[in-house]
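Just so we're on the same page, this note's numbering is the position in the sequence shown counted from 1, plus 20.
The beta-carbon is built from N, C-alpha and C at its ideal position, and this holds for glycine as well.
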Amino acid sequence: MSAVAIWGYGITSVVLLFLLVGMFVLIRAMSDPSGRFQEVKEMMDAMFNTPAFLRPNGSEQGAEPTRNEAAAASAMHEPFEDECPACREKVTHENVECPSCGLRLLG
């Protein structure tokens, strides 16, 4: 075996060893419950997950307006009375859906 091959294998082994040790340290830092590595956790969280400033608030998750709330919000608009384009039933500004055919109406 030549000296060049020995140097090549040695350098490759050292680089792989550094990579493995670095991954081990990073995993330990990410799984540490104390706040010692909070900056590292935030950086890794931003790299692999949605950043915290782009996530919806936890209290607002699943807080989509219900049909009644949507009807109440649309009631703040000017009152109107029209006919449903599907069944020609009379609908008003209070209806989110047509009472007879269930067609979702635009507000």
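Distance check for residue j and residue i, CA to CA, integer angstroms please.
i           : j           : result
residue 27  : residue 21  : 11 Å
residue 61  : residue 45  : 12 Å
residue 42  : residue 58  : 17 Å
residue 100 : residue 106 : 18 Å
What residues in its chain sit with their C-beta under 8 Å from that of residue i, if we drop five residues either side in the sequence?
i          : result
residue 69 : none
Per DSSP, residue i is paired with what?
i           : result
residue 116 : Residue 116 is not bridged to any residue.
residue 124 : 117
Whose C-beta lies closer than 6 Å to the C-beta of residue i among residues of the same chain, with five residues either side of it excluded?
i           : result
residue 124 : 117
So, residue i versus residue j, is the Cβ gap smaller than 8 Å?
i           : j           : result
residue 120 : residue 103 : no
residue 50  : residue 64  : yes
If you reduce the DSSP assignment to three classes, tell me which class residue i lands in.
i          : result
residue 52 : coil
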